[in-house]
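Sequence lines, in order, name chains A and B. Heads up, the final residue of the first sequence is numbered 1101 in the numbering used here, and it's a clean run with no missing numbers. Heads up, the final residue of the second sequence is numbered 1300 in the numbering used here, and it's a clean run with no missing numbers. Contents: one structure, followed by commentary.
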Amino acid sequence: MSNLEITFVLNGERVKVVTAPDALLVDLLRDTLGLTGTKVGCREGECGACTVLLDGKPVNSCLLPAVKAAGRSVTTIEGLAAADGTLHPLQEAFTEEGAAQCGFCTPGMILNAKALLDANPHPQEGEIRQALSGVLCRCTGYGKIVAAVKTASQSRK
Amino acid sequence: MSYQFNEFHWANDIKAGQYLQPATLAEALDMLASFGGKARVIAGGTDLVPSLRQRHLEVEALVDVSRLPGMDGIARQGEVVSLGGGVTHAQAASSPVVAEAAGLLAAGAGSVGSPQIRNVGTLAGNLIAGQPAADTSLPLLALDAWVTIASPQGQREEPLNGFFLGKGRTKLDPGREIMTGIHFKALGQGRGGSYQRLAKRKAMTLPMLVAAVVAGVDPGRKVFTGAAIALGPVAPTPLRAAQAEALLAGAPVSAESVAAAVEKASEESSPRDSCLRGSCDYRREMVKVFVRRGLADALAQAGCPLD
Ligand code: FES
Ligand code: FES
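Here it is in structure tokens:
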């Protein structure tokens, strides 16, 4: 095993960590860095619970070797609220709409929605559903999640 | 009774002693060579990581080619469109060059997995995985695409027609060689294409059937100058329905010609009975429906619609 030292920007802060050559990003985030907001549902790329943003784009961190984060920027759910604790508009909207039940899919839903709204601030419902299509929710039936993303898109003028 | 966590296959994580990040193609080839076939190229990793995790494959090292220079471009020179070996599904699905030159490929790339998979998975990886229902392999096969492969002996080109040897096997040796580019001739006047996909859901699902079709026509004489019909999963590899294509070459553009080709394509298909993807009989019937729709669509795009 030859461990590697990598540097990347995590939720806006530069971090330097040593990782095993075959560690996956999700484990580096959860186990080494203690950021357990990123969930593991399947470890197969099917459920999207492990979604993080890599240079602003959603990826499944359970399929991504940690080394691939080197030199790039990673955003997890912990990086959304402001430093003073003010929630991101999407987090507000999810709370308002009651878009989470068990909450296991919520980080993945919110991060995929964030990537969508960053690129397309006022999406149509079809575009929202398309953007969320890589995250499974076993509780809500999706309706309130879609409504929350709509609400968040309207709150940003 | 103690509960065995290890029973879950996902408790076994991937194993690779080294993760190598070459700066140049030559260095990447040297690294692969030094492991004598026991290293493996990784680009997006969306196919490779699950197969390492499930122990379908064991490697000593991973050689990451995704940051090699010149791998992520999409360019058109005259009639030929070239995609670098690192081009992702998301890039291909949203590229104006691809949309204009080969709408069927943009549609196929946009159907792969989920947005998260499309952001990292590559077209080259889809080809190398050699799966019969690969959403980008089929349109590329219908486009008569060819690929450039870098190996220790130098660079070579391989046509995709003939590239797939068996389920999961191709003419590229993934322990020694690197796919550096994918090329095809742009569709345009007199040549249209279509991508038809049957699946139970709109996302996160492998197709039950894909028909990728390219039709060439002489609109003046209303005859087919050629046709390419790529189907999957109806055989162990992505299939070109060569006999159906032969029926169309030189045939008049008519409902009769299309009907004959459709029957032939269905005969050439031998899908397996699958409880997830439908019975053999059902899918053979659906081959007819999808090839018919694909040809009609491709003909309309080529400027010579069926009456
Ligand atoms: S845990 Fe990564 S997709 Fe399910
Ligand atoms: S809220 Fe439970 S999985 Fe979505």
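Just so it is clear, CB atoms sit at the ideal spot from N, CA and C, and this is done for glycine as well.
The alpha-carbon separation between A1253/B and Q1294/B amounts to approximately 21 Å. Q1035/A is outside the set of residues whose beta carbon lies under 9 Å from a beta carbon in chain B.
Burial check for S1267/B: the Cβ neighbour count within 10 Å stays below 16, so the residue is exposed. The DSSP assignment places complete beta strand (DSSP E) segments of no fewer than 3 residues inside the stretch 1163–1191 of chain B at 1171–1178 and 1184–1191, in order along the chain. Contacts between N1119/B and chain A, judged by CB atoms closer than 8 Å, are missing: the closest CB pair is about 14 Å apart. For L968/A, the residues of chain B that pass the 8 Å Cβ criterion are D1006, I1007 and V1042, in the order they occur in the chain. Look at F1217/B: its beta carbon is at least 8 Å from all of the heavy atoms in ligand 2. Within the chosen limit of 8 Å, ligand 1 reaches the beta carbon of G985/A through at least one heavy atom. Relative to ligand 1, the beta carbon of A993/A is positioned inside 8 Å of a heavy atom. Chain A has no Cβ within less than 9 Å of the Cβ of V1091/B. Cα atoms of G1213/B and C1297/B: separation of roughly 9 Å, rounded to the nearest angstrom. I1142/B and I1121/B have their C-alpha atoms spaced approximately 11 Å apart. Between M1197/B and G985/A, the gap from beta carbon to beta carbon reaches 9 Å or more. Residue-level contact check: I1067/B does not touch chain A, since none of the beta carbons of chain A fall below 9 Å from its beta carbon. For the pair E1022/A and L1133/B, the Cα-to-Cα distance works out to about 41 Å. Counting C-beta pairs closer than 8 Å gives fewer than three between the stretch 1079–1098 of chain B and the stretch 1009–1016 of chain B, which falls short of the contact rule. A1083/B is positioned such that its CB atom lies no closer than 9 Å to that of N1119/B. Scanning its chain for C-beta atoms nearer than 7 Å, with the 5 sequence neighbours on each side dropped, one finds around A1021/B the residues P1015, V1056, V1058, L1061 and I1171, in chain order. Looking at the DSSP output, V996/A shares a beta bridge with V1003/A. Placement of the Cβ of N1004/A at a distance of less than 8 Å from at least one heavy atom of ligand 1 is found. Taking C-beta separations shorter than 6 Å and ignoring five residues to either side along the sequence, the partners of V953/A in its chain run S1017, following chain order.
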